[in-house]
Amino acid sequence: MQILDDTRRLTGGSLHWYEAGSGELPVVLLHGGGGTGRAWLHQLQILGERGFRVLAPDMPGFGRSDWFSGVERMPDIGPVLFEWLDMLGIHQAVVGGNSMGGRVAMSMASAHPERIRGLIILDSVGLDLPDVKVTNPLTLPASGYTAGLVYDPERYKARTPYRTLDDARELNRGRGSFARYLGDGEIGPDPALDVARLTMPTLLIWGREDQIVPLPYGKVLDQHLAHSELVVIDQCGHLPHIEEPDITNHAILDFLDRLSH
């Protein structure tokens, strides 16, 4: 399966994305803070082969996308992505995201539920749980960064889509952009998020050993959403789509197959 990439000029800057496959049901996948659209390489490949049009943008300030004028905080990202979807002629899509990307996906669904056919949320903060600590990955020591993010650093190294010097440069830039989005705040839910508006079918995928956004966040989200299911992956941390791509892809394909019939 050929993975394409493209860049287009939008109102506040240029947005870059990766794309694979074709089909009637577009699937948009949003990377986490500090990442790029390449995080979803395993999903682009497999979902594209299975008849879905999969798009994975570099969100504003990440990868090869500009930092957009008018974008200061995470809630500003959704309108940029809706403009991008409009440009592509996509009125309705399944939108998924990991960590920060999941937060953006939920904000988009809360703002315009009629445009979101389904949600796929991987290890993201959706509701506030004051008793369960969320760890800002930017505070992890450099020597223990990967070990703090994933369950098995060696397995992650074998499976990561980030392989080149360009990837390293983009990830380095992304850490700065993520810090800028957070400002002085900690990682938390979007204050404007109205969970009651998230009535579309939702797949929640969580790594049981996630130390960044622990599993209780997935469980409470599952309890509060009208049409959700929670898939928990054992021996997996904060990045299931990279750590356990086969299990993640199986769960996503099962969800998409039911959604498209």
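Quick note: the sequence shown uses UniProt numbering, first residue 1, plus one each step. Each residue gets a CB set at the ideal place from its N, CA and C atoms; glycine is no exception.
In this structure, DSSP gives Arg8 an extended state, which the three-state scheme calls strand. With contact defined as three or more Cβ pairs closer than 8 Å, the stretch 127-141 and the stretch 175-187 are in contact. Using a Cβ-Cβ distance cut-off of 8 Å, the stretch 8-21 and the stretch 91-98 are not in contact, since fewer than three pairs of beta carbons, one from each stretch, lie closer than that value. Only buried fits Glu170, as 16 or more other CB atoms lie within 10 angstroms of its CB. Taking each of Pro216, Ile116, Leu259 and Ile205 in turn and checking the Cα distance to Ile242, the smallest one comes out for Ile205. With the rule of 3 Cβ pairs closer than 8 Å, the stretch 103-121 does not count as touching the stretch 148-167. Residue pairing from DSSP places Asn98 in a beta bridge opposite Leu122.
Between Met106 and Leu193, the alpha-carbon positions lie close to 7 Å from each other. Look at Ala56 here: in three-state DSSP terms it is strand. Rounded to the nearest angstrom, the Cβ distance from Leu122 to Pro57 is 16 Å, too far for a contact under 8 Å. DSSP places His16 in the uninterrupted beta strand (DSSP E) bounded by Ser14 to Ala20.
The C-alpha of Ile212 is placed about 12 Å away from the C-alpha of Gly33.
For Thr202, the pairing in a beta bridge is given by DSSP as Leu119 and Ser228. In the three-state scheme derived from DSSP, where H, G and I count as helix and E and B as strand, Val195 is classed as helix.
Membership of Leu127 in any alpha helix (DSSP H) is not indicated, and neither H nor E is assigned to it by DSSP.
Residue nearest to Thr160 within the set Thr11, Gln2, Leu30 and Ala39 is Ala39 (criterion: CA-CA distance).
Going by beta carbons, Leu88 and Pro216 fall outside the 8 Å limit. Rounded to the nearest whole angstrom, the CA to CA distance from Tyr156 to Gln43 is 16 Å. The Cβ atoms of Val132 and Pro214 lie closer than 8 Å to each other. The shortest C-alpha to C-alpha distance from Glu83 to any of Gly188, Val28, Thr11 and Ile247 is the one to Thr11. Note on Asp246: under 16 other CB atoms within 10 angstroms of its CB, so exposed under the neighbour-count rule. Per DSSP, the continuous beta strand (DSSP E) segment holding Leu29 begins and ends at Pro26 to Leu30. Counting along the chain, the unbroken alpha helix (DSSP H) around Ile247 starts and ends at Pro245 to Leu259.
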